[in-house]
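To convert, take the position in the sequence shown, counting from 1, and add 111; that gives this note's numbering. Inspection log for the structure reproduced underneath, given as structure tokens.
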Amino acid sequence: MQIQLRMQNIMATCNLCTRVDLNKVTQTARNAEYNPKRFQAVIMRIREPRTTALIFASGKMIVTGARDIQDAEHASKKYVAIINKCGFPQAVFREFKVQNITASCDVGFPIKIEALCYANQGHATYEPELFPGLIYRMTDPKVTMICFVSGKIVLTGARSQEALTLAFQKLFPKLCEHRKRNIVVSDGQSSAVVEGSDAKA
């Protein structure tokens, strides 16, 4: 079964290699906002690729919202160009690095969350009164996965697509082991499909 991981958010950083006057940026750029009492960075947005940048006075920049790494890099270069036009021609695009990738998928079957947690106590935590998903922390690669009863999975913490894929490949057999089975119950006249947690494959 081929399951596709869908990228939901890329968080990347880069360095402008110069200090930036945040007030000047806000006064010059139309797509920027700055409230130093709330947050010590300019918040800037562009529509294509649809992303948000946090620009700090030190010249450090964080870009979020892109759906793939190429868009994250392209957006970062656009923000640098905007900073150049705001009166900082010395600002450059340097040290681009992906810090976190968030992706999601649907494995196509419901999961016995309690059993999955019990079988992986060293890595998994499940507190349904606080959060409906099981949190599975993998150390190699270092990726956190959130598993829901419905079969929806969210993966975060990876710094590359390869790490995401490897983490999911390691987790998927465990999900299959704790798959809920549908049992057909019949009274001779009608039948109904109910979820069974203990049915054998």
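Here a beta-carbon is modelled for each residue, glycine too, at the ideal position from N, C-alpha and C.
A residue is called buried once 16 or more other Cβ atoms fall within 10 Å of its Cβ, and I166 is buried on that count. Take the alpha-carbon of K135 and the one of C197: they are about 7 angstroms apart.
In this structure, Q201 is the residue among P221, Y145 and Q201 with its C-alpha nearest to the C-alpha of T129.
Boundaries of the beta strand (DSSP E) around I257: K253 to C258.
For the set V174, I222 and N195, the Cα lying nearest the Cα of K208 is the one of V174.
For F207, the enclosing beta strand (DSSP E) starts and ends at R205 to D217. A235 places its beta carbon 8 angstroms or farther from that of V254. Contact check between the region 218 to 234 and the region 270 to 289: three or more CB pairs, one atom from each, fall below 8 angstroms, which counts as touching.
For C287, the enclosing alpha helix (DSSP H) stretches over residues Q272 to E288.
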